[in-house]
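Number of protein chains: 2
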Amino acid sequence: MAPADSPVIGKPLDRQRRIEEDTMLDRFKVPEADRVYVRQEEVRAATEAIFEAVGLSEEDAALATDVLIFNDLRGVETHGVSNMLRIYVDRYRDGSMEPRPEFTITRETETTVVIDGGGGLGLHVAPKAMDLAIAKAARYGMGAACVTNVGHMGGSGYHAMRATGHDMIGLALSASGALSMVPTFGAEPRLGTNPIAWAAPADEMPPFMLDMGTTQIANNKLRLAKRVGAQVEPGWIADIDGTPIMERVDVPEQSYMLPLGGTREQGSHKGYGLGAVVDILGSTLTGMGPGLIALEPGFHLMAYRIDAFVDADKFKSDMDVFLRGLAETPPAPGEERVVYPGLLEAEAEAERLRDGIPYHVEVVEWFRKIGDEMGLRFEFAHA
Amino acid sequence: MAPADSPVIGKPLDRQRRIEEDTMLDRFKVPEADRVYVRQEEVRAATEAIFEAVGLSEEDAALATDVLIFNDLRGVETHGVSNMLRIYVDRYRDGSMEPRPEFTITRETETTVVIDGGGGLGLHVAPKAMDLAIAKAARYGMGAACVTNVGHMGGSGYHAMRATGHDMIGLALSASGALSMVPTFGAEPRLGTNPIAWAAPADEMPPFMLDMGTTQIANNKLRLAKRVGAQVEPGWIADIDGTPIMERVDVPEQSYMLPLGGTREQGSHKGYGLGAVVDILGSTLTGMGPGLIALEPGFHLMAYRIDAFVDADKFKSDMDVFLRGLAETPPAPGEERVVYPGLLEAEAEAERLRDGIPYHVEVVEWFRKIGDEMGLRFEFAHA
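Below is the structure:
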C-alpha cells in the first residue's frame, strides 16, 4: 500500500468529480487525500483471484469481476469492489452464497424464460440470464428472463448494457429483497430500493444508460455517506415513524428510504409507483411471491431487438442526434453543463482506463489483507 | 344546465376528494360550488355523438369516447372530456386530424409491429395497436406495438389497462411531440411530458395501474391550475432560462417543465432519464427520428402474458397480497391512509358510476352549445 503522503494519492480531481462539484454526488467520492489510483487490470486480476479462491469457476469469477470493474471504471463506487466485494466474500465464507450454483430453467416460452439461480451470486447469474433473453430477442424480436433464488445483481446497469452490443435495447431490474422504502404517507417500509436500468446504443456517442434506484437515495449510498461523514439532503429519508426528514442532517442511526420525489408534493407517488412496478416484475411475475413476503432478490431482464422496429443503423444515428442534442443543451444560469444518463460514466471510464481507478487507501489495504489470508499476494503498482 | 344554486351542485366531497385534501391534488378538482353531476351514460352518448358528427366511424367514436370516460370516471379530469374534447373537435374541424385514418402496418415480426396511424387520433388508434400487441403476447409471450403519424393518446393508463383483462401486464407510453421539459441543469426544453403507464391485474383487489408523466407536473395540469386559479409548488417548473422556481407561485405566463424530482438534489436526473427512455421507445425506436426533431407523438405499447412467466392465478392472488399489503401500511403521523397506484382511481370509478361524474358547469354548458351547433341536443338529467 502506498503511504498516505505518496504522490499517487491526491491526484487532481478527475473530470467527473469536477463536474459534480456542488452537486450531491461529490460527498460520495473518496476524499482526495485518501485516494490511491490502481490500474483496472490489476484490481481485475486480484478480484478474479479472490472469487476463484472462494470457489467460483473461472468463467463465473470473470463475469462477477467484470460487473464490479465496470462499475468502478464508470465512477459507480457504490457498486464496485470497495463497497461490495468484502460482503460477497463474507457470504461465501459463511456458506450463505453458493459458489457453484445450478442454473435451472423452470419455465420457458418462445420469448420468456424463468430461471432458478441455485443460490448463486447475481453478478454472474444475471449476465447468463440476460444472454438467454438476448438470444430470444434475436430470434423473435423481444426476450425476457426472470431469475429467482439468486443473490445481489451488483447494479442493474451492467446487465442492461449487455444488450447494446447486439443492437438491442436492454432493460434490467431487481426487486431488492429487503424492505427499506416507505410508501408515500406510510409509516413502515414495504419495498426495497428496487433499481431499474435501461440501455440503448448509439453510433458515435456513448450509449444511453439510465440506472436508477426508485428511492431518493440507495442503501449503499447511505452507508457510504456515513463512512465519509457526509450529510443527507431534506426529503431523502424518513424517520422510523415514516415522517420525511426535511432538514439537512447527519445520517441517523435508523431511518427509512423515501421514494424518488421525496414528498407527495414533489412526486413521491411516482417513485413509489415505479418501485412497485419493479417489485411486480422482479418478484410477483417471477413466481417468488410478492416482495413483501419473498424477501429475496428477484430479477427481470429484457432485450428488444432494434431492427424488429426500425433499421438499427437509422436508430443508432438518430440516437446520436438525440444524445448530442441533450448534451449540447445550453446550461441554465450557474450550471456548467448538461449531460445525459451514461455520458459522465463513459467519460469516467475513458479517464480511469488511462489514469487508474481511485480507491480509498483502506480498500487497497483490504486487498492486501484478504490476499495474505488466501495465500494470494496483491501488490498494486499504482498508476 | 342546472342553475348555480341547484341541489345537484355542491354535493358532499366524494371519497377521493376527501382523501386528497391537504395534498396538491385538490387544487385541480372542480370547486364544489361549480360542480354538476352527470351520469356517465349520458356524457358517453353525447361524446360519441360528437365524435361521429366530426366524421369518426361508430367503432372509433366509441373507442375514443371510452378513453375519455374511463379517465373521467377514475378522477383523471386532466384527460377527460372537460379538458380535451373541445381541442379534438377543433382539430377535426380545422382538418389537422383525420377522422377516417388508414391504419397501416409498416414493419412486423413475431412479437413486434410498427403502425402508421394515418394521422388519426391516438384515442382510437392506440387501443387497436395495443390489441395487436396483446395478440402477439398471447401467441409468443410478449408483444409490442409502436405507432407513428398519430394524434394524442388521451392518457397512457387506459391503453396499459387494456392488457389486464387478458391476464397480461400492460405498458403504454407516448413521446409527447412537444418540447416542454428542460433536462437537469438545462436552459432549453428538450423533451415532452412523456407519460408512461404500467398496469397489472389482481384477483380481488382493484388492478395496479401507475400512469405518470415524467415531468413534475403535466402540461394540462398546469393549464387546469391556471383555470382554477391554483398555485404551483416549489420545484415544479422552471423559469424560461431553466432556473427551477423554488417558491410557491401563481402559474407564470411562460415557464418550462422540470423533470420528476425537480432539482438535481431531489433526483431530477432520474425523472429526466425516464423522460429520455420514453422518448427513445416512443420516437427513436418507432423510426420517426429523435423526439428533438420529430415533434409529433409516438407510441410504444407492450403486453406481457403472465403465464409465460408464472401461473396467472398465482400471480393474481399474489398481487392481492402485495396490493393489500401496500394499502394496509400504517400511515405516518398526520396522514390518513396509504394507497397504491390505481386504488383511488378504482374507488372514484365506483363512486362516480353510482353518483355521476362531477363536471364544471362550464363543461356542461359547452356540451349544450356544441350540441346546438351540430344539430344534436344534449340535456343531461343530473345525477
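Chain order of the listed sequences is S and U.
Quick note on my numbering: the first sequence kicks off at 1 and runs consecutively.
Quick note on my numbering: the second sequence kicks off at 1001 and runs consecutively.
Idealized CB from N, CA, C, for every residue including glycine.
State the beta-bridge partners of residue i as determined by DSSP.
| i | result |
| --- | --- |
| S/T148 | S/D116 |
| U/P1127 | For U/P1127, which the question treats as bridged, DSSP gives no partner whatsoever. |
| S/V36 | S/Y359 |
| U/T1104 | U/D1116 |
| S/M142 | S/Y304 |
Closer than 6 Å by C-beta to residue i: which residues in its own chain qualify, once you throw out the five before and the five after it? Chain order, please.
| i | result |
| --- | --- |
| U/P1183 | R1190, Y1272 |
| U/G1291 | A1175, D1279, S1283 |
| U/V1363 | S1082 |
| S/M374 | A53 |
| S/A312 | D167, I306 |
| S/F367 | A46, F378 |
| U/Y1158 | V1067, F1070 |
| S/E42 | F380 |
| S/T106 | V114, D116 |
| U/G1080 | L1068, N1071, D1072 |
How about residue i and residue j: are their beta carbons less than 8 Å apart?
| i | j | result |
| --- | --- | --- |
| S/V150 | S/G122 | yes |
| U/P1099 | U/G1118 | no |
| U/L1173 | U/H1269 | no |
| U/V1249 | U/Q1231 | yes |
| S/A126 | S/V147 | yes |
| S/A145 | S/I115 | yes |
| U/V1038 | U/H1382 | yes |
| S/G235 | S/G262 | yes |
| U/A1348 | S/T329 | no |
| S/A133 | S/M288 | no |
| U/L1295 | U/G1177 | yes |
| U/I1196 | U/M1181 | no |
| U/V1111 | S/T104 | Note on identity: in this sequence residue 1111 of chain U is Thr, with Val being the wrong assignment. Taking 8 Å as the Cβ cut-off, U/T1111 and S/T104 do not qualify as a contacting pair. |
| S/A155 | S/V228 | In the sequence as displayed, the identity of residue 155 of chain S is Gly instead of Ala. It is not a contact, given that the beta carbons lie outside the stated cut-off. |
| S/L466 | S/T214 | With chain S running from 1 to 383 in the structure shown, residue 466 of chain S is simply not present. |
| U/I1237 | S/V321 | no |
| U/P1297 | U/M1153 | yes |
Taking 7 Å as the limit between beta carbons, can you name the residues of its chain near residue i, skipping five residues before and five after?
| i | result |
| --- | --- |
| U/D1239 | I1245, S1255 |
| U/V1339 | A1327 |
| U/Y1304 | A1137, M1142, M1168, I1169 |
| U/K1316 | P1201, A1202, D1203 |
| U/T1164 | G1170, A1199, A1200, P1201, P1207 |
| U/T1065 | R1044, T1047, E1048, F1051 |
| U/V1277 | none |
| S/L25 | Note that S/L25 scores a pLDDT of 49, beneath 50, so its modelled location is shaky; the value from the coordinates is reported in the next line. None. |
| S/A129 | I115, A145, V147, F299, L301 |
| S/L376 | A49, A53 |
Once you ignore the five residues that flank residue i on each side, which residues in its own chain have a CB closer than 8 Å to its CB?
| i | result |
| --- | --- |
| U/Q1040 | I1069, D1072, L1073, R1352, L1353, G1356, I1357 |
| S/M97 | Y88, R91, G119, G120, L121, G151 |
| U/F1185 | G1242, R1264 |
| S/L63 | L123, H124, P127, K128 |
| U/D1131 | R1162 |
| U/E1247 | P1234 |
| U/P1331 | R1337, V1338 |
| U/R1093 | V1054 |
| U/A1218 | T1078, T1193, P1195 |
| S/R86 | W366, I370 |
| S/A135 | G143 |
Problem - Three CB pairs or more closer than 8 Å across the segment 1180-1193 of chain U and the segment 1250-1270 of chain U - result: Verdict: yes, contact present.
Practice task
State whether the segment 1247-1254 of chain U contacts the segment 325-345 of chain S, with contact taken as three or more CB pairs (one from each stretch) at a distance under 8 Å.
Solution key: Contact between the segment 1247-1254 of chain U and the segment 325-345 of chain S is absent, with fewer than three C-beta pairs closer than 8 Å.
Handout entry: At least three beta-carbon pairs within less than 8 Å, the segment 304-314 of chain S to the segment 131-143 of chain S
Key = The segment 304-314 of chain S and the segment 131-143 of chain S touch, with no fewer than 3 CB-CB distances between them shorter than 8 Å.
Practice task
Please specify which runs of the alpha helix (DSSP H), each continuous and at least 4 residues long, are wholly inside the segment 289-353 of chain S, giving them in chain order.
Solution key: DSSP runs (the alpha helix (DSSP H)) wholly in the segment 289-353 of chain S: 312-327.
Practice task
Just list the beta strand (DSSP E) runs in the segment 1166-1200 of chain U, keeping only unbroken ones of 3 residues or longer that don't cross its boundaries, in chain order.
Solution key: For the segment 1166-1200 of chain U, whole beta strand (DSSP E) runs of length 3 or above, ordered along the chain, are 1168-1175, 1196-1200.
Exercise for the section: Within the segment 65-96 of chain S, note down every full beta strand (DSSP E) run reaching 3 residues or more, in order along the chain. Expected result: If we require 3 residues or more, the segment 65-96 of chain S turns out to have no beta strand (DSSP E) run fully inside it.
Exercise for the section: For the segment 1340-1348 of chain U and the segment 1206-1221 of chain U, state whether three or more C-beta atom pairs, one from each stretch, are separated by less than 8 Å. Expected result: Here the segment 1340-1348 of chain U makes contact with the segment 1206-1221 of chain U; the two share three or more CB pairs at distances below 8 Å.
Exercise for the section: Would you be able to state if there are at least three C-beta pairs under 8 Å between the segment 1031-1041 of chain U and the segment 1051-1062 of chain U? Expected result: By the Cβ rule, the segment 1051-1062 of chain U does not count as touching the segment 1031-1041 of chain U, because fewer than three pairs are nearer than 8 Å.
Problem - Within the segment 1192-1249 of chain U, ranges of the alpha helix (DSSP H) (whole runs, at least 4 residues) - result: Runs of the alpha helix (DSSP H) inside the segment 1192-1249 of chain U: 1219-1228.
Handout entry: Whole alpha helix (DSSP H) elements within the segment 1256-1282 of chain U, 4-residue minimum
Key = Listed in chain order, they are 1268-1282.
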